[in-house]
Ligand code: NAD
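Residue numbers (the numbering used here): 59 to 525.
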């Protein structure tokens, strides 16, 4: 069994209990991590508290140097780390390398640069405004982008001068272990970063409630985020939440329909649909509806389901049996509610592994469960609209507001619709993902922003000195 990383040392959990890590493609146990206990959280929080004065007082260049070394080492080990991610969460290897590993390595490198360059002081009239690190940060992360979600928190927190206790997802924890090894190897001072694996209701809740934790940064489901926020509220801790989504892809009548549908299907199915920003609702004008459904079905059929290590695979397994069963329940529910299954379904595509067919529903009406709730699998709903106002109403008609897309004949027209949407990010006519732009949600998709300058700002307190 692996060990926890506390105060710069690999330490057994006081619980003595293990959590099995399962390869979702083979259903075999591949590793075991400790199921941390509240006493482990206590030790980690105290280690982080103990390390805070020196780390927060270190020169920005010192912090930058160690973070840059970590980014370099992560890049050097990217092939191994990508294999780890392909094995414990099932992402196809190429995707695991490019998006799940090299992108976070780039984000880490960017925070190393920002650690040195970010202004720590400014003047407002007769006041000197100081940016000071928040303190001890608890980072709680999900399994779907198991390294990226960790880096989005740990990198800016360390760059700002905070110390961290990380609780990665118990479902796919191995990338977080790889990061702990890297931070240890590059000589991050003991206690600055600590790793306590375990279950959300034990380790996550103990962290959110711990008196020595100043801030909780959580990524995961809206239900768990609400619980974390409630626990943190007792201690009036700062909270950052990156939660679920049910994002809309609005295709206006003058858009390039083939391009918009093809990109829309890809965005929905990426990472086997286990992406918080996935455009799971395609909103298409009635006049183009049948054509769009035909194009989406044709496209869905090109998604080869299979082994993450096979080059031909575009859709790996879902992360776990629990997740597969949940997605299958939603596919059944969609049919019960009267939506038309036009591709995929509940058949098991392979005899072994937690696979689900790439699935498309037509005839989806606003208000159906498959239209309102996050499914977190490769399931696309196509919804018709008649007027632009109606398209915007449907897009905004869920409790979420994380992401979305607008396609139109001109950028100007698409931007005009994008401005109307109550959501944290909108892709306009297929614009590229920008890992330096603010990332986060409106409504129940979250609180605060990650990535870039906005992500760093979350980890500072402001102090005004009146001169
Ligand atoms: P989850 O909420 O079950 O778990 C996320 C993390 O929280 C895990 O580490 C888990 O152990 C922990 N946790 C669970 N219950 C907890 C509790 N009561 N107290 C403290 N911690 C607790 O989510 P998941 O299934 O791992 O991930 C999928 C969800 O994450 C989806 O809803 C998805 O949309 C969301 N997500 C959001 C973003 C974003 O940036 N907005 C990114 C990725 C995933």
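The beta carbon of each residue, even a glycine, is placed where N, CA and C say it ideally should be.
Check                                                                                                                             : Outcome
Residue environment, residue 86, which counts as buried when at least 16 other CB atoms sit within 10 Å                           : exposed
Straight-line gap, residue 309 to residue 464 (C-alpha atoms, nearest Å)                                                          : 6 Å
For residue 322, the nearest candidate out of 166, 128, 383, 353 (CA to CA)                                                       : 353
Exposed unless 16 or more other CB atoms sit within 10 angstroms - verdict on residue 103                                         : buried
Classification of residue 246 by the beta-carbon crowding that lies within 10 angstroms, buried from 16 upward                    : buried
When 137, 167, 165 are compared against residue 153, the one with the closest alpha-carbon                                        : 137
Distance cut-off 7 Å: residue 481 Cβ against heavy atoms of the ligand NAD                                                        : no
Simplified DSSP state of residue 73, which is helix, strand or coil                                                               : coil
Residue 298 Cβ short of 7 Å to the ligand NAD heavy atom set                                                                      : no
Endpoints, alpha helix (DSSP H) assigned at residue 124                                                                           : 118 to 134
Residue 494 CB to nearest heavy atom of the ligand NAD below 7 Å                                                                  : no
Inter-stretch contact (C-beta, 8 Å, three-pair minimum) for the stretch 448 to 461 and the stretch 412 to 423                     : no
Burial state of residue 211, where buried means 16 or more other Cβ atoms lie within 10 Å                                         : buried
Cβ pair residue 261, residue 80 closer than 8 Å                                                                                   : no
Contact set for residue 505: own chain, Cβ-Cβ below 7 Å, skip 5 residues either direction                                         : 297, 298, 299
Given residue 379 as reference, the closest of 61, 84, 461 once Cα atoms are compared                                             : 84
Beta-carbon contacts of residue 347 that lie in its chain and below 6 Å, excluding the five residues immediately before and after : 442
Spatial neighbours of residue 373 in its chain, beta-carbon cut-off 8 Å, leaving aside the 5 residues before and after            : 150, 327, 330, 361, 362, 363, 364, 413, 416, 436
Residue from 279, 292, 454, 89 whose Cα sits closest to the Cα of residue 269                                                     : 292
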